[in-house]
Structures are given as structure tokens and as C-alpha cells.
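Residue numbers (the numbering used here): 2 to 380.
Everything below concerns the one structure shown next.
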Ligand SMILES: *Cc1c(COP(=O)(O)O)cnc(C)c1O
């Protein structure tokens, strides 16, 4: 049986008619740059997310960079970021000459630790970047209240959690990426809303900030050839926007399908004491960009090898926390600085999860996991 981490082919086949037609329309008009689909997508996504503006750009990493530029963060400013995340989150901080201040995460939900944020705040702190890792929202109620108290910005990295919702204690429900000053996302093909190449976007409620993001993404101009500020070139292709427009109406269904797979995994793997299934964060739902287990008391590489032999891929997101990466260690960290992130990096294992999984595949994967644990005497 063939299993994959993500089955883009089967999803495309299922939605082929709509996607092919959307692509054909772009080819017909040849409006490859800033064609009508780009604005239409931005509007539809703004409506979906219940946010005032969506500004599209070339990828999720650019979205983070544009956000930090638009908020006028300056060299030497400190930005608090979790150590257990994808590198892009910290990369743009370093690239802009800002100082990444890495903090630890919660051992069960993998979300940035609110207590750690408290300890990390200094007079130089200008922003916090919570990452809605693996598909659920960080503790935004607490994060927004710290940020407001200290007058610092919140940029939500929503690359893995588009469509997730967070419920505040007063009952207000908001979409991931719409709670801080700016939310950023990625349309990388394997993300929950993926295009057929690179793409990204920013979610923003403030009108002026939206204007500024647009300007910076477009060479610092709002009138062609008049450059008011230093910008970059970061655009979403019309073709990618067209693909995304065809897929956006299915995003909630994608989340439901991912949750079905997660529920299946939970029901089987939740009974095994040497594995820990993903804990749901309070106040957030989960869109399961990843289904990530922790391997307790055995080497996960052995399980990975066993599954690989059966043709079942698994991935380690992420094997080295950012504060210990060669490129970032000079900010003053060492082994032991952030023990939770370090431990998680040795325990986590992400299993195949996508919108096209059937019970047969899930049975095959979970049976082989059980078989490994039985062979090892760990079941
Ligand atoms: C994918 C991802 C990004 C970067 O997105 P790209 O479109 O690949 O640049 C940023 N942050 C997180 C958490 C991601 O998973």
C-alpha cells in the first residue's frame, strides 16, 4: 500500500475540473502579474477570515519580513519567538538586524509558553511572534494582554493554521491570524491551503498598516515609479491566486477531513502508553497541519525505520530547536537553555495526514505502529 505524508495528486484529481478551469482562464487573459484573481482572492480570503484586509505576497517567509518592515522594527529591537518552530519565523528577524529572543514552548501543546514570554520581555522588546504550530492557536488571550500591557506588537505566524479558530473567554471567536496586528500565512503546496508553487499573505485590520504592507511588497510605491519608502518585490502570481480561489471554498472541508484522520489516530494510538498523542490547546480548535506524536522511552528513529520498511513515511518537525542551530547559536544560547524545545526535538514524530486519507491507509499505518511497539515489548 502506498502512503504519503501529503497526497497532493489525489486532492488535485478530486478538484481538477475547477482548478483546471481557473488556470485556463488566466492563460486565456495572459494577465500573469496582478491579474483580477489576485484581488478577488484577497477579498474572498478577507471575508473568510472576517478581517478587513488581506495583502498577498510571494511566500510565507516574505509575509513575516513585510510585517516586521511595516511595523518599523529597527536594528537592535528584540522580537520574542518560540525556539520550536520552522526556521522562517526567526530568519527574517535576524535578516532585518533585529534580535531573536528564543523562548520555550508548552511540552504537550507545542505552543509558545506564556510564562516564558513574561520572563523574556525587556525594555527593548518590540514584538512577539506566536506560531500557531501544527494547526492550532497559541494562547492568544494571554499573549494579547501581555502585548497590550507592554505596548508591543503581535505578529501571528499562521502558516500552519489557516482556518483554525480561537475562542476568547468572553465568547468572541476569531480566525487564526486575525488577533494580533498582523497575521502571516503561506500557500506552500503542502500547507492546509496550498497553491501549485509559492505564495503567501498577510491578514490585517488596520487600514494604514494594510496600505503600508501593500507598498512595501511593491517596491515602496503606491503610485507607479514614485517610491516613498524602501520596499521589496513580493507578489502572488495570478496563476497561484486562481488555484487558491478554486481551493478556498473547500478549506473548511479540508479541516474536517484532517480532523477525521486525527480522530482515527487518537482512537488507536491514545491507548498506547509509550506514545503521547497531540494535546489540544485550550480555546483553540485544531486544523491538523501535522499530527505529531511524542515517542516516550524509545528511539523514534527505530519506529521511523520500521515504518519506512513498510513504505510509510514519517517526518521529524523539527529535529533541532532554533536556538541551537549553527546560524542562531551566537545569540547566546547553549544546550540546556530551552529544555522543553530540546526534549521535544528528540521525541516528536509527525505521521502522514492529509485531505485524502481513507480508513484503510490509517489502519495500515496504525497497525504497523502497534506491531513495532509489540516487537519491542513496549505495547
Ligand atoms: C511554511 C512556514 C513558513 C514559511 O512559508 P514559506 O511560504 O515556505 O516561505 C513560515 N512559518 C511556518 C511556521 C511555516 O510552517
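All residues carry an ideal CB built from backbone N, CA and C; glycine is no exception.
Bear in mind that the values here come from a model prediction, so they are computed numbers and not experimental data.
For residue 241, no beta strand (DSSP E) encloses it; the enclosing alpha helix (DSSP H) starts and ends at 239 to 248. In terms of side-chain proximity, the C-beta atom of residue 87 is found nearer than 7 Å to a non-hydrogen atom of ligand 1. In the same chain as residue 168, and ignoring 5 residues on each side of it, the C-beta atoms closer than 7 Å to its own belong to 174, 284, in chain order.
Residue state for residue 328 is assigned as coil, using DSSP reduced to three classes.
In the same chain as residue 222, and ignoring 5 residues on each side of it, the C-beta atoms closer than 6 Å to its own belong to 228, in chain order. When only Cα atoms are considered, residue 7 and residue 77 end up about 40 Å apart. Per the DSSP secondary-structure output, residue 287 pairs in a beta bridge with 137. In summary, residue 114 is buried, with 16 or more beta-carbon neighbours lying within 10 Å of its beta-carbon over all protein chains present. For the options 181, 172, 120, the alpha carbon positioned closest to that of residue 149 is the one of 181. Closer than 7 Å to some heavy atom of ligand 1: that describes the Cβ of residue 60. According to the DSSP assignment, residue 79 belongs to no alpha helix (DSSP H) but to the beta strand (DSSP E) extending over 79 to 83. Contact between residue 226 and residue 263 fails: their C-beta atoms lie close to 51 Å from each other, not under 8 Å. Under DSSP, residue 380 forms no beta bridge with any residue. Following the DSSP letters along the chain, one finds residue 203 inside the beta strand (DSSP E) bounded by residues 201 to 205. Here residue 132 has 83, 86, 90, 158 as same chain residues with Cβ atoms under 6 Å from its own Cβ, once five neighbours each way along the sequence are excluded. Remark: C-beta atoms of residue 267 and residue 257 do not approach each other more closely than 8 Å. Here residue 215 is not near residue 39, since their CB atoms are 8 Å or more apart. With at least 16 other beta carbons inside 10 angstroms of its own, residue 238 counts as buried.
Taking every protein chain shown into account, the CB of residue 22 has fewer than 16 other CB atoms within 10 angstroms, so this residue is exposed. Annotation: the continuous alpha helix (DSSP H) that includes residue 61 extends over 61 to 71. For residue 160, the distance from the CB to the nearest heavy atom of ligand 1 is below 7 Å.
No residue range can be given for residue 52, since it is assigned to no beta strand (DSSP E) and is classified by DSSP as neither H nor E. Within the chosen limit of 7 Å, ligand 1 does not reach the beta carbon of residue 82 with any heavy atom. In this structure, residue 243 lies near residue 24, with their beta-carbon atoms less than 8 Å apart.
Shortest gap from the CB of residue 189 to any heavy atom of ligand 1: under 7 Å.
In this structure, the straight-line span from the alpha carbon of residue 351 to that of residue 13 is close to 23 Å. Inter-residue distance for residue 209 and residue 165 is about 26 Å (C-alpha atoms, whole angstroms).
Using a Cβ distance threshold of 8 Å, residue 280 and residue 109 count as a contacting pair. Going by beta carbons, residue 153 and residue 127 fall inside the 8 Å limit. Apart from sequence neighbours up to five positions away, the residues of its chain that approach residue 265 with a beta-carbon distance below 6 Å are 363, ordered along the chain. Distance from the CA of residue 121 to the CA of residue 365, rounded to the nearest whole angstrom, comes to 45 Å. The beta carbon of residue 192 sits closer than 7 Å to at least one heavy atom of ligand 1. Counting the other Cβ atoms within 10 Å of the Cβ of residue 250 gives fewer than 16, which makes it exposed. By the criterion of a C-beta distance shorter than 6 Å, residue 307 is surrounded in its chain by 373, once the five residues flanking it on both sides are discounted. One alpha carbon belongs to residue 143, the other to residue 333, and they sit about 27 Å apart. For residue 195 and residue 245, the gap between their C-alpha atoms comes out near 7 Å.
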